Amino acid sequence: MARMSYATLRDTLTFEDKLDELRLSLKYIMGNTYTSLSTHDPNDLLVGRDRQPMKKSATFGGSTLPLLRPAIHSDSITALAVVRPGMVITGSRDKTLALNNVDTGECVTKWTGHDGEVTKLAYENTVGNHFVLSGSRDQSIKLWQFHSREAQRTFEGHSLGVTGLANINENSFVSGSRDTTLKIWDVESTKRSVRSAQVNRNLVTHITFSLPCNIIAQSSEDKEVKLWDPRNLELVAQLPRKNHIQMYCEFIDDKLLASSSNGFNGYGCEISIWDIRTRKLLRELRGHEGSVPCVAGLTQQVTLKKLLMSVSMDRSIRIWNIEDGVCVWEETVVTDSDLLQCVSFNDGHVVVSGGKGVLAHIRVQGRAGKPYFQMLSVQKMIS
1 MARMSYATLR DTLTFEDKLD ELRLSLKYIM GNTYTSLSTH DPNDLLVGRD RQPMKKSATF
61 GGSTLPLLRP AIHSDSITAL AVVRPGMVIT GSRDKTLALN NVDTGECVTK WTGHDGEVTK
121 LAYENTVGNH FVLSGSRDQS IKLWQFHSRE AQRTFEGHSL GVTGLANINE NSFVSGSRDT
181 TLKIWDVEST KRSVRSAQVN RNLVTHITFS LPCNIIAQSS EDKEVKLWDP RNLELVAQLP
241 RKNHIQMYCE FIDDKLLASS SNGFNGYGCE ISIWDIRTRK LLRELRGHEG SVPCVAGLTQ
301 QVTLKKLLMS VSMDRSIRIW NIEDGVCVWE ETVVTDSDLL QCVSFNDGHV VVSGGKGVLA
361 HIRVQGRAGK PYFQMLSVQK MIS
């Protein structure tokens with residue numbers, strides 16, 4: 001597929017396309033009202049004097065994009081968690097995690113306390129309660145709240161770094177580690193995990209939970225994706241083994257699961273789409289030249305087709321049509337570092353992170369029913 005830049009594509013836009021783009025840009029500049037709504041939570045960050053109008057974006061106009069900003073972190077950003085549109089939590093190899101307003105580039109708050117790289121993040125928002133969970137190579141999991149920069153609880157029990165973390169509900173979460181175990185924890189108790197399971201050679205790389213399916217999915221260095229029952233942490237299924245390490249897994253909906261492989265020079269580097277009901281491989285998405293450490297379902301209003309985004313160590317971002325496996329857009333982030341993580345907001349915006357503190361804010365645009373990326377801003381370390 002021929003790669004087309006945003007500038008080239010913008011020159012071909014019709015008057016109606018440009019008018020639609022202007023409407024989206026004005027909406028973006030004015031801010032998302034959801035980010036300023038009160039949650040009636042005393043632990044919410046946006047209370048009292050902090051509940052002020054969000055700053056206006058300075059990224060209006062295609063000719064000025066992307067806006068370059070200084071990095072929030074001093075090392076690679078290895079974990080992301082969505083709070084709400086425009087707000088994302090980042091975890092880094094610099095041992096810190098931060099709450100970021102990607103519309104303005106502001107670091108709203110920063111937490112320190114881990115003795116190793118922050119590897120995984122999970123955010124839970126329930127009525128009257130917000131909390132952040134962070135897993136680390138220091139073998140611990142910490143619980144944080146917006147009103148304090150100190151960890152509220154520390155969960156210990158893994159013997160190696162935490163490499164998987166997902167909320168099950170407001171009262172419990174599941175973690176996984178390179179120690180080949182999965183553990184379910186009670187949010188209110190740090191004494192010990194509620195349940196634990198171990199599978200030989202199951203070096204966990206990622207964990208995700210589907211509420212509609214009521215199932216835990218977990219990828220591993222043993223080249224498998226495993227499905228677990230969250231009620232008793234029993235192994236439900238092991239999907240057919242792949243040829244390469246499975247780096248990540250993500251539920252697309254209540255029927256499909258995506259997993260991504262490591263690789264080099266196009267060998268491996270594929271994304272696998274699985275049918276959860278039949279436990280069979282439906283198709284493989286190929287095109288990346290490097291390992292694919294993360295994928296995310298893409299929320300957008302450009303097309304009715306199901307789309308998936310992926311980031312790769314070949315330093316590109318791709319949009320895929322899940323139904324036929326075709327790559328419909330490819331974008332290279334202008335940086336000299338690998339891309340590591342991606343998340344999608346429900347308003348058509350995405351965030352991508354990578355080495356050297358890279359944090360890119362991107363908007364999903366459309367022309368003639370075809371999606372493409374518009375880079376809004378990039379944070380990175382100044383060399």
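Residue numbering for the sequence shown follows UniProt numbering, starting at 1 and increasing by one per position.
Glycine is no exception: its CB is placed at the ideal position from the N, C-alpha and C atoms.
Owing to the predicted nature of the structure, the values given are computational and were not obtained by experimental measurement.
CB of residue i within 9 Å of CB of residue j, strictly
i	j	result
residue 151	residue 118	no
residue 182	residue 233	yes
residue 281	residue 325	no
residue 338	residue 290	yes
residue 157	residue 193	yes
Reference residue i; option with closest CA among the options
i	options	result
residue 153	130, 159, 141 and 211	141
residue 277	271, 298 and 214	214
residue 249	260, 242, 240 and 256	260
residue 378	371, 361 and 370	361
residue 271	191, 319 and 229	319
residue 216	149, 145, 184 and 110	184
residue 212	218, 189, 192 and 169	169
residue 112	340, 336, 99 and 104	99
residue 120	85, 228, 176 and 251	176
residue 255	126, 380 and 322	322
Nearest-angstrom Cβ-Cβ length linking residue i and residue j, presumed shorter than 8 Å
i	j	result
residue 115	residue 94	Incorrect: roughly 12 Å between the Cβ atoms, too far for contact.
residue 91	residue 134	6 Å
residue 310	residue 332	Not a contact, Cβ separation roughly 13 Å.
residue 180	residue 195	Incorrect: roughly 15 Å between the Cβ atoms, too far for contact.
residue 155	residue 144	Contact flag wrong, Cβ pair sits at about 12 Å.
residue 89	residue 359	So it is not a contact: roughly 11 Å between Cβ atoms.
N- and C-terminal bounds of the beta strand (DSSP E) containing residue i
i	result
residue 344	339-344
residue 349	349-354
residue 330	326-332
residue 206	204-210
residue 118	118-126
residue 213	Segment: none, residue 213 is in no beta strand (DSSP E) and carries neither H nor E.
residue 78	77-84
residue 180	Here residue 180 belongs to no beta strand (DSSP E), and DSSP marks it neither H nor E.
residue 269	Here residue 269 belongs to no beta strand (DSSP E), and DSSP marks it neither H nor E.
residue 188	No beta strand (DSSP E) contains residue 188, which DSSP labels as neither H nor E.
residue 251	246-251
residue 146	That residue, residue 146, is in no beta strand (DSSP E); it is neither H nor E in DSSP.
residue 240	From DSSP, residue 240 is part of no beta strand (DSSP E); its letter is neither H nor E.
Checklist entry - Counting Cβ pairs, one atom from each stretch, are 3 or more of them under 8 Å apart for the segment 65-75 and the segment 308-328? => result no
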